[in-house]
Structure formats: C-alpha cells, structure tokens
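Numbering (our numbering), first residue to last: 1 to 583.
Pasting the structure below:
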C-alpha cells in the first residue's frame, strides 16, 4: 500500500499495527493496538468507535502479510519504531528434547487431565505448556480429559470448573482437539473391572481399611478376599453396584503383588463406593474408579502416545503399566518432571475454593488464587508464562523459582505498548503560587523510551497564578521549607510551608533541581483527576487518583503508573479499577 493512499489517521494506525505485528511475530492484536493509540493520542479518544473500526480492518489486512513483509513496510514508513521493538521482542520458545520412541506411534497424541475442582493455576501451567508444546511441535493431537471422578471431602468436582479450565487453556494459547469427560465413561470402566476379575487380576475386598493397612499392606500378607473364587468376586461386585455394600465397606483391588518391595504398590484399590452426588451424572453411579485405574484403561482407549507429568505421579504410572501389561497393550511413553515451587506464591486450590465460596475473595480471578484467570486480569502476557515454563524444561530435579522471572519477561513483552500515567494514593494537596500561564498545560512524554511518540498533555488548572497539585504524603516529608523540588515534567518549586502545604514557582529547567539534589515528585492536578482503586497481589486495595487521561483508557488497557508499577484496567466507570501486575 502506497503512503499517498492514506490520510494522517490511517497512516498512524497502520504504523502502530505494523509495530505490534512485528513485535508479536506477525500476529497484531486489536486490543494492544487500541491501548497504544488511545494512550498516546488524547485527540482520538472521542473517536474511539471510528478508530476501532479502522484498527480492525488494518489488523485483518496486516495479518495476511508475512512477518518479513510486515517488517519491510514498517522499516519503510516508520523505521524509528523498529529499533526499540527489537530490544523487547520475545526470544521465542525454548527447544526441548525430542520425545522418545516416536517411531512406535502413527502420531503424537497427548492429554491434559485436570481434576475439575476449580480453575487451573500457575502451578498447573508447566504441565499444560509442556504438553501443548510437544503436540504443536509434532503436529499431533491434544485431548482435554476432565478427570471428574469422585474425589474426596476436600477435593470435590466444581461445576464451574468445566468452563474455568478451558478459559485458562485459551489464555495460554493451548489448542485442544477434543474434550472427554471421565464421568461419561463409567460403563467402560465397569466392563474392564469385570474382565479383570474374570482374569483373576482383581478382586473385591471387604476388609476394614485400617485393618487391611496394618495387617496386610504393611506386612505384605494377603487377606482372605484375595483367594475367593471368580464367582464370589463377581457376586461381591454386584453388591457394590446395587447398594448392598455401603460406602467404605468394599473396594476392588488390583493384584499388583503383596510381595512388592514398595508397600504403596501392594494390591492397590482401583474402584471404590461413593454415593456423592456428581454434578454431571447425579447419583447414576455409586462405584467410581481411582485415577490410575481409569488412566490405565483410557490411555489405551484414547490412543495416548506420550504422557508428560509431575514425578509425584510415578506410583500411578507403575499401576497403569501393570494394567497395560495384563492386556499386552503398547505402553505409552512416560516422562516425568520435578516438583515446582513458587517462592512468592502460595498455591492452594482448596483454600481458594473456600475463600471464593465464602466471599473472602472477589472470585476466581482474585489475585490471591493465582489462577490463570487472575494472571489474565492482571495483564500477565501468556507468552511470559509459556516462556518461563519452557525454560524449566523436563528436568526431574525439584525447582524453586520466583514469580519475578515471569514478571521480567512480561515487562519485556508489554512495556513498549504500555501507556504511562501519574497516580497518587491518598494525596495531600499542595498549593502552587506565582505560577506563569505557560504552566497551564504539562507536556509529559507518552513513553520515556520512545521520544518520537510525543507527549501527553495534562491540564494543570492554573488560574491567576495558582493551582493545587496532589502528591504523596511521603514525598512531602522529603522536602523542608525553603528547599527546592520538582513536579515531574512540569516545573521547579520552593516549599514555603507544610501547613497548609504551599510551594512557590521557582523555574522550569530541570537542571536547577539536579544541581541541588532536590527530589523529583510525580503529581496529579486537582481538576479532572480520576478516582482509581488499585488491587494489589495480596488482595488489598489502594485508593487514589490518576491523571485525567486514565479516564479515557478502555477496559483491558495495560499501563504503567509511574513510580508504582504496571497494571491492567479491569473496570471503567466513575471509578477506574486496576489490577496490579508487577513493578
């Protein structure tokens, strides 16, 4: 497209769309472009609808170009936008080792198997990202299997999780090819249970659980149930199904061996009775499979080729392998990684569920849940999460990391497009006097690293040489009467007195303050400020006011409050609500 075909607005939009496309590997994003445009061009905010239509059509057009074509055009029409973008461009996904024994399989088929007790959180991201990475690498198939068997009193199936989990996957850019529910497959698990009993590979045990644990499991001594006839075991099985046996009175055990050196592997329970009402199938079934049994069946039935998961499931993997060997099935490849601990994030889905239900948390996107929804609400770019998880790789070693690694990557990805704004919490108002008329408008850089993007204008409210400015109480404490300080990007003042706070205009040139070592303070004007509630990571809310431009930014804008940190606007209106992301 030639430049003479574009008016000024079209050209500006095209530059921003191309810059966004090059930064994100050929995939421009409408929301990011709108945030950048409206954050840097106050004159466009009243025309947001018209601008968005133009942005959408331009994004559609630019998306059809190759990355090389996008880069070439950006270099031609706005070369100044290429240099800084290259600095903050993500380094790309880490190349992980090849999956083993690919030749055994027609294609790579992998699965995600979350228990639907709530949304996925940051601790689940490693499992999700690794599986998605390998499926995409080999052009395979990824199956989302809701592991919605009956859990326990502490771990229950939550109906909302069936929507929350796919939301989290969408956030991470995961492509699911089909979805399966374990609760739809109970009849299949029953068929295999009967077959295992008939083969003499499983039996129904009605021993007291504590007695069995102390007298048989620990000592490696079989109980009498193990030697019952097939007919008696099948009769007991029917009693489990028809309600003759109450809960905890009987269970199906797989003959994994009472002589196993590992007590945890001795004749493991694979099905048990539970009369808990299930949100999808109600009380239709009262016998439920344990995870390892259901997967021993389903990994074969679903054609799973490779299983990537945490090493806390090694025992379950051995039981699955035992089942595969009974039937002579091809064994999927099992790959384990070590435990992951976040130093600065307390992860407890059961605690989060309790707090959400009781109203102590605002919802599943409350930052204290550490859910993927909460990260999205805070403006954490999914690519920052993906990169951090892929950098960990498949190491079997336990790892402890800080969220700072994700924040650092997020800063690289989002800083260039984040509009800047002044925000002051619980301000004290200082009266400026002897102000010249040319201070009626403050010109503040749109972005300090991109001077060619120009300035944003802040009306100071100067009238007859006076105006009020809001600053932090702690900033006022830094200055003594008679000392020089500067209101950032505006002017230098001499503090006259603290009660009431009054400051006299001194000069414009910043060098005066630099020579004296006086503080440079960020501020907001008295008129036109926007009430803001800033939700912090610990759930606390900081109230304050922001410069007028914040009131025109759309919901979803990722911005930086100078000297405070980055955040994302999640609600607009009389009060602008922002979720704090990081410094």
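Every residue gets a Cβ at the ideal spot worked out from N, C-alpha and C, and that includes glycine.
- Item | Close-in-space but distant-in-sequence residues of the same chain around residue 339 (CB under 8 Å, 5 per side omitted) | Scanning its chain for C-beta atoms nearer than 8 Å, with the 5 sequence neighbours on each side dropped, one finds around residue 339 the residues 310, 311, 312, 398, 399, in chain order.
- Contact set for residue 563: own chain, Cβ-Cβ below 6 Å, skip 5 residues either direction: Taking C-beta separations shorter than 6 Å and ignoring five residues to either side along the sequence, the partners of residue 563 in its chain run 522, following chain order.
- Query: Using DSSP with H/G/I as helix, E/B as strand and the rest coil, what is residue 90?
  - Reply: Residue confidence for residue 90 is low, a pLDDT of 35 falling below 50, so the modelled location carries little weight; the figure read from the coordinates is stated next. Looking at residue 90 - three-state DSSP - the assignment turns out to be coil, as it is neither helix nor strand.
- Item | Where residue 532 sits in the DSSP three-state scheme | Correct three-state label for residue 532: strand.
- Task: Return the first residue and the last residue of the beta strand (DSSP E) that residue 169 is part of.
- Result: For residue 169, there is no enclosing beta strand (DSSP E); the enclosing alpha helix (DSSP H) has its first and last residue at 161 to 171.
- With DSSP as the reference, label residue 544 as helix, strand or coil. Three-state DSSP puts residue 544 in a strand.
- Query: Which residue's Cα is closest to the Cα of residue 378: 558, 43, 479?
  - Reply: Selected option, being the one with the closest Cα: 558.
- Just to confirm, does residue 144 get its C-beta within under 7 Å of one of the non-hydrogen atoms of the ligand GTP? As far as ligands go, the structure on display features none, and thus does not contain the ligand GTP.
- Query: Is residue 513 closer than 8 Å to residue 484 when the C-beta atoms are compared?
  - Reply: Result yes, Cβ atoms of residue 484 and residue 513 sit closer than 8 Å.
- Unbroken alpha helix (DSSP H) run spanning residue 186, endpoints: Per DSSP, residue 186 belongs to the alpha helix (DSSP H) from 186 to 198.
- CA-to-CA distance, residue 369 to residue 536, given in whole angstroms: Taking the straight line joining both Cα atoms gives about 13 Å.
- Task: Give a yes or no on contact between the segment 135 to 150 and the segment 175 to 188, applying the rule of three or more CB pairs nearer than 8 Å.
- Result: Taking 8 Å as the limit for Cβ pairs, the verdict is that the segment 175 to 188 does touch the segment 135 to 150.
- Are residue 456 and residue 549 closer than 8 Å when you measure CB to CB? Yes, the Cβ-Cβ distance between residue 456 and residue 549 is below 8 Å.
- How far does the beta strand (DSSP E) with residue 582 in it reach, from first residue to last? In the DSSP assignment, residue 582 falls within the unbroken beta strand (DSSP E) covering 576 to 582.
- Just to confirm, are residue 566 and residue 582 a CB contact at a threshold of 8 Å? Yes; because the gap between Cβ atoms is below 8 Å, this pair is in contact.
- Looking at C-beta atoms only, is the number of pairs between the segment 115 to 122 and the segment 358 to 375 that lie closer than 8 Å three or more? Touching, per the Cβ criterion.
- Item | Whole-number beta carbon distance between residue 547 and residue 510, since they are thought to touch under 8 Å | Contact between residue 510 and residue 547 does not hold, since the beta-carbon distance rounds to 19 Å and is not under 8 Å.
- Query: Buried or exposed: residue 177, going by 16 or more other Cβ atoms within 10 Å of its Cβ?
  - Reply: The Cβ neighbour count for residue 177, taken over all protein chains shown within 10 Å, is under 16; the residue is labelled exposed.
- Query: Taking contact to mean at least 3 C-beta pairs separated by less than 8 Å, is the segment 418 to 436 in contact with the segment 152 to 169?
  - Reply: When C-beta atoms of the segment 418 to 436 are compared with those of the segment 152 to 169, fewer than three pairs fall below 8 Å, so the two segments do not count as touching.
- Secondary structure, alpha helix (DSSP H): runs of 4+ residues fully inside the segment 245 to 302: Fully enclosed alpha helix (DSSP H) runs of 4 or longer: 291 to 301.
- Message: Checking 8 Å against the spacing of the C-beta atoms, do residue 46 and residue 453 come in under that value?
- Response: Between residue 46 and residue 453, the CB-CB gap reaches or exceeds 8 Å.
- Task: Reducing DSSP to helix, strand and coil, say where residue 637 ends up.
- Result: Nothing about residue 637 can be read from this structure; the chain reaches only from 1 to 583.
- Message: With the cut-off set at 8 Å, would you say residue 430 and residue 502 are in Cβ contact?
- Response: At a Cβ-Cβ threshold of 8 Å, residue 430 and residue 502 count as neighbours.
- Give a yes or no on whether the C-beta atoms belonging to residue 386 and residue 172 are separated by under 8 Å. For the pair residue 386 and residue 172, the CB atoms are nearer than the 8 Å cut-off.
- Message: DSSP three-state label for residue 216, please.
- Response: The answer is helix: DSSP assigns residue 216 an H, G or I state.
- Message: Cutting at 8 Å between CB atoms, please list the residues of its own chain near residue 84, excluding the five before and the five after it.
- Response: With a pLDDT of 39 at residue 84, under the threshold of 50, the predicted position of this residue should be treated as unreliable, and no value is reported.
- Compute the beta-carbon to beta-carbon distance between residue 355 and residue 316, rounded to the nearest angstrom, for a pair I have assumed lies under 8 Å. Between residue 316 and residue 355 the Cβ distance is about 29 Å, and since that is not below 8 Å, they are no contact.
- Query: Quick one, are the C-beta atoms of residue 241 and residue 194 less than 8 Å apart?
  - Reply: Remark: C-beta atoms of residue 241 and residue 194 do not approach each other more closely than 8 Å.
- Task: Using three-state DSSP, classify residue 562 as helix, strand or coil.
- Result: Three-state result, residue 562: coil.
- Task: Provide the residue(s) that pair with residue 438 in DSSP beta bridges, ordered along the chain.
- Result: Per DSSP, none; premise fails for residue 438.
- Item | residue 270 and residue 289 closer than 8 Å at C-beta | Result yes, Cβ atoms of residue 270 and residue 289 sit closer than 8 Å.
- Task: Classify residue 83 as helix, strand or coil using the three-state DSSP reduction.
- Result: Note on residue 83: pLDDT 44, under 50, position unreliable in the model; no value is reported.
- Query: Can you round the beta-carbon distance between residue 568 and residue 578 to whole angstroms, since I take them to be within the 8 Å contact cut?
  - Reply: About 7 Å separates the two Cβ atoms, so the contact holds.
- Query: In angstroms, rounded to a whole number, what distance separates the CA positions of residue 257 and residue 29?
  - Reply: Going by the C-alpha atoms only, they are around 57 Å apart.
- Item | the segment 45 to 59 contacting the segment 466 to 486, beta-carbon criterion three pairs below 8 Å | Cβ pair count under 8 Å is below three, so no.
- Between the C-alpha atoms of residue 285 and residue 268, what's the straight-line distance to the nearest angstrom? Going from the Cα of residue 285 to the Cα of residue 268 covers about 21 Å.
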